[in-house]
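A short write-up of the structure that comes next.
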Amino acid sequence: MTVRSNWLPHPLLSLALLGLWLLLNNSAAPGHLVLGTLLGLLIPVFSRRFWPEATPLVRPGLAFRFALQVVWDIIVANFAVARIVLGPAEAVRPAFVRVPLDVQGDFALTALLSVISLTPGTVSAQIDEERRFLLVHALSSLDSATLAQQIKTRYEAPIKEIFAC
Amino acid sequence: MMLHLVNLLTAILLLLGAGFALVGSIGLARLPDIFTRLHGPTKASTLGVGAILLASILFFSAREGLTLHEFLVSLFLFLSAPVSAHLIARAAIHRRCKSICGAPEDP
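Residue numbers (the working numbering), protein chains in the order written: chain A, 1 to 165; chain B, 166 to 272.
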């Protein structure tokens, strides 16, 4: 291990902590910048044991585009769910859908499960021990094969690329 | 003039946010089983709270200079809502809660 990786084990985490500190204090005054940088440097060093994997984000540009797309999907999802909730009871046709998983790795799986839960009419419900299948509950499923395919191409493929796994 | 525009936008965002929070609550009360009920709070309320926070950013930025710490609230909400929904769904499957689309086969 080089000196740099000993003292700066997770550069992205350090940056995120600095951003968090500035937002918490709602100010970018020089004093807060210094304090935030100090915290961003110290916390990853002291909590290194809790972060066995390096932060595997390899495509930040793609991650940003993906985040925008997810925000858009969340807005669309809200209108779709609102229509189902307020509409006739027959419109609710829930189903469990099994999605085969390609991504591995804690970060990528957490991201995928969260995105699925936040977007159109789906909540991730269960994942098996070997991480081969994901059980998704859909509020009104057109048909399960299409839905599984949609999740794989729309969300799993970009996440796989972003975290390189 | 500028302030009027900001006030108008704030009011629209507040109404939109409150409307979505209401829809989420109606979903919670109206949908038939625990799995469908999970959908209300995970989605409708995220956009509801999101719109209200946007209104807050707009309102206070126009009066006291840029404030952005509302973003933290939405960030933490977006991180925590899916995790809690996932845990509730898992627990419900584990306890074999009644579901109107039949029990899922064991994965």
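Quick reminder that beta carbons are idealized off the backbone N, C-alpha and C, glycines included.
These numbers come from a predicted model, not from an experiment.
Query	Result
Considering only residues of the same chain and omitting the five flanking positions on each side of B/T207, which have a CB-CB separation below 6 Å?	A246 and A250
Under DSSP, the alpha helix (DSSP H) around A/Q126 begins and ends at which residues?	Here A/Q126 belongs to no alpha helix (DSSP H); instead the beta strand (DSSP E) covers T122 to I127.
Using a Cβ-Cβ cut-off of less than 9 Å, list which residues of the region 201-219 of chain B approach chain A; keep chain order.	T201, L203, H204, G205, T207, K208, A209, T211, L212, G213 and G215
Measure the alpha-carbon distance for A/R49 versus A/G40 and round it to whole angstroms.	16 Å
Please specify which runs of the beta strand (DSSP E), each continuous and at least 3 residues long, are wholly inside the region 28-105 of chain A, giving them in chain order.	95-100
What is the DSSP secondary structure of A/G19, reduced to helix, strand or coil?	helix
Return the bridge partner residues of A/S140 from the DSSP annotation.	A/R93
Would you tell me roughly how many angstroms separate the C-alpha atoms of A/L91 and A/S144, rounded to the nearest one?	Checking the sequence shown, residue 91 of chain A turns out to be Ala, not Leu. Computed Cα separation, rounded: 16 Å.
Tell me whether A/E156 is buried or exposed, calling it buried when 16 or more other Cβ atoms sit within 10 Å of its Cβ.	buried
Can you list the residues of chain E that B/L173 reaches, using a CB-CB cut of under 7 Å?	Absence of chain E from the displayed structure is noted, the protein chains being A and B.
Is there contact between the region 207-222 of chain B and the region 71-81 of chain A, where contact requires at least three CB pairs shorter than 8 Å?	yes
So B/I222 contacts chain A; which residues on that side make the cut at Cβ distance below 7 Å?	Under the 7 Å cutoff, chain A gives no residues; its nearest Cβ is about 11 Å from B/I222.
Is it buried or exposed for A/W21, if we count other Cβ within 10 angstroms and need 16 for buried?	buried
Hey, how far is the Cα of B/D198 from the Cα of A/N26?	42 Å
Would you call the CB atoms of B/G205 and B/L196 closer than 8 Å?	yes
Does the CB of A/I162 have a neighbour CB from chain B at under 8 Å?	no
If you measure beta-carbon to beta-carbon, which residues of the region 114-148 of chain A are closer than 7 Å to chain B?	S114, S117, L118, G121, V123, S124, A125, Q126, D128, F133, L135, H137 and L139
Just to confirm my understanding: we take A/G36, look at its own chain, exclude 5 residues before and 5 after, and list those with CB closer than 6 Å. What are they?	L18, W21 and L22
Give a yes or no on whether the C-beta atoms belonging to A/I151 and A/I116 are separated by under 8 Å.	yes
What did DSSP end up calling A/L134 once you bin it into helix, strand or coil?	strand
Give every residue of the same chain whose Cβ lies closer than 8 Å to the Cβ of B/F243, excluding the five residues on either side of it in the sequence, and list them in chain order.	T211
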